[in-house]
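Single-structure report; data block below.
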Amino acid sequence: MKFSASALSLLFLSSTVSAFTVVPNNAAAAATSKTVLFDSRARQKTASRTAWMEARGMGESTTMESPANAGTFTNEGGLEYVKLVHPETGASSEIYLYGGCVTSFCDGDGNEYIAVRPDAKMDGSKPISGGLSHCWPQFGPGEIQQHGFARNVMWEVQEQTDTSLTLTMAPSDYTKEMWDKEFLCTFTVDIEADQLNTKMLVENKGEEAFDFQAALHSYFTVSSIASLEIAGSFAGKEFLNKMVGDAGEMQTEERESITISEEYDRVYTGVNDPVLKDSGSGKSLAVLNQAGWEDTVLWNPYGDEGMGYNNFVCVESVKFDPVSLDGGASWEGVMSLKPGDL
1 MKFSASALSL LFLSSTVSAF TVVPNNAAAA ATSKTVLFDS RARQKTASRT AWMEARGMGE
61 STTMESPANA GTFTNEGGLE YVKLVHPETG ASSEIYLYGG CVTSFCDGDG NEYIAVRPDA
121 KMDGSKPISG GLSHCWPQFG PGEIQQHGFA RNVMWEVQEQ TDTSLTLTMA PSDYTKEMWD
181 KEFLCTFTVD IEADQLNTKM LVENKGEEAF DFQAALHSYF TVSSIASLEI AGSFAGKEFL
241 NKMVGDAGEM QTEERESITI SEEYDRVYTG VNDPVLKDSG SGKSLAVLNQ AGWEDTVLWN
301 PYGDEGMGYN NFVCVESVKF DPVSLDGGAS WEGVMSLKPG DL
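Heads up, the sequence shown is in this note's numbering, so the first residue is 1 and it goes up one at a time.
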């Protein structure tokens, strides 16, 4: 029997499971940051599930399983999500209607590539801390709330198959109170045999132009931060290091590949070809930004055990400079995730 790593994380909200590691999120385990390796994925997932249940005095018969098939489901917090499954390889993805957030992408072998933080709230009380989270129409702080409103409103299903989902977000009384523009956002996710594809389409449905920023605040699983390097066209590029001073400092990157050994919050403008390489798992993940997403943000709360810093990194697909969209015009951001072996 196969257990979905992300469903365990989302439904139980107390352990983070990838195909590479089992990391219980209690305080003692977080303090030691141990990685437990198993000789098979099935044994790994079963052990994680059993440990979670035993820690709460529950028997095997009460174990909750991830749905194996494609469809629409509801988590314990009452939030609906859609599961996509490729019919040939079994690769899968899970997307929450709340925030239009992709919270899981597993390849056909069950390897999980998208992370959800152990402190994430999965009941709609706040935006989901993890997944491919939307920052729109604002990235970071500004005139409206942090990262905009797209990540904390309900998106509507327009089209759904076993391998594809199309969601839309339109103005509401809530959004108009802070940003009174005539827009339509359409987010499409589809699962192929060996990769996940996403497309964010922004349309100006009014007559007056408006400006916006956009980002996928993407969380990816890692076996450990020390095992990770991020390749790409970083060398020689200027970046904003937000950890320096009150307003950050522009610096120049000298490295070909990025490793993380301190808290990171860096905006690399003009870099949109990152590849995650995890020596602990022997896996790579190419973030293929094919249109719209021009920049990359690297973020990790290094040392923050409560956030589970050692088992995720944010490699965000971003349009940092505001887009000015005339009435009737549109913009799209296209990004795919392509796993591989080192």
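For every residue, glycine included, the Cβ atom is placed at its ideal position computed from N, Cα and C.
Same chain, Cβ closer than 7 Å to Trp331, neighbours up to 5 away in sequence not counted: Val202, Gly292, Val323, Leu325
C-alpha gap between Gln146 and Val102, whole angstroms: 20 Å
Opposing strand residues paired with Gly130 [DSSP bridges]: Val116
Separation of Ala120 from Met307, as counted between CA atoms: 8 Å
Residues that Ala291 bridges to, as DSSP identifies them: Val334
Contact belief for Tyr367 with Arg117 at Cβ below 8 Å, rounded distance in angstroms: Residue 367 lies beyond the range of the chain shown here (1 to 342); nothing can be said about it.
Straight-line gap, Tyr93 to Asn69 (C-alpha atoms, nearest Å): The sequence given here has Ser at residue 93, not Tyr. Computed Cα separation, rounded: 11 Å.
Segments of 3+ residues assigned as beta strand (DSSP E) that fall wholly inside the segment 280-328: 283-291, 295-300, 312-325
Element boundaries [beta strand (DSSP E), containing Asp190]: 183-191
As assigned by DSSP and simplified to three states, the class of Glu177: helix
C-alpha distance - Gly282 paired with Leu342, whole-angstrom precision: 5 Å
Close beta carbons around Thr175, own chain, < 6 Å, minus the five adjacent residues each side: Phe149
Alpha-carbon to alpha-carbon, Trp179 and Val313: 31 Å
Where Ser133 falls, given that 16 or more other Cβ within 10 Å makes a residue buried: buried
Segment contact, 8 Å Cβ cut-off, at least three pairs: the segment 285-300 with the segment 219-233: yes
Residue burial classification, Met243 (beta-carbon count within 10 angstroms, cutoff 16): exposed
Which of helix, strand or coil DSSP assigns to Ser164: strand
Chain-order list of residues whose beta-carbon lies under 6 Å from that of Gly124 (same chain, five-residue window excluded): Leu79, Tyr98
Length of the line joining the Cα atoms of Ala170 and Glu112: 31 Å
Ordered list of beta strand (DSSP E) runs contained in the segment 75-111, each at least 3 residues: 80-85, 92-96, 101-106
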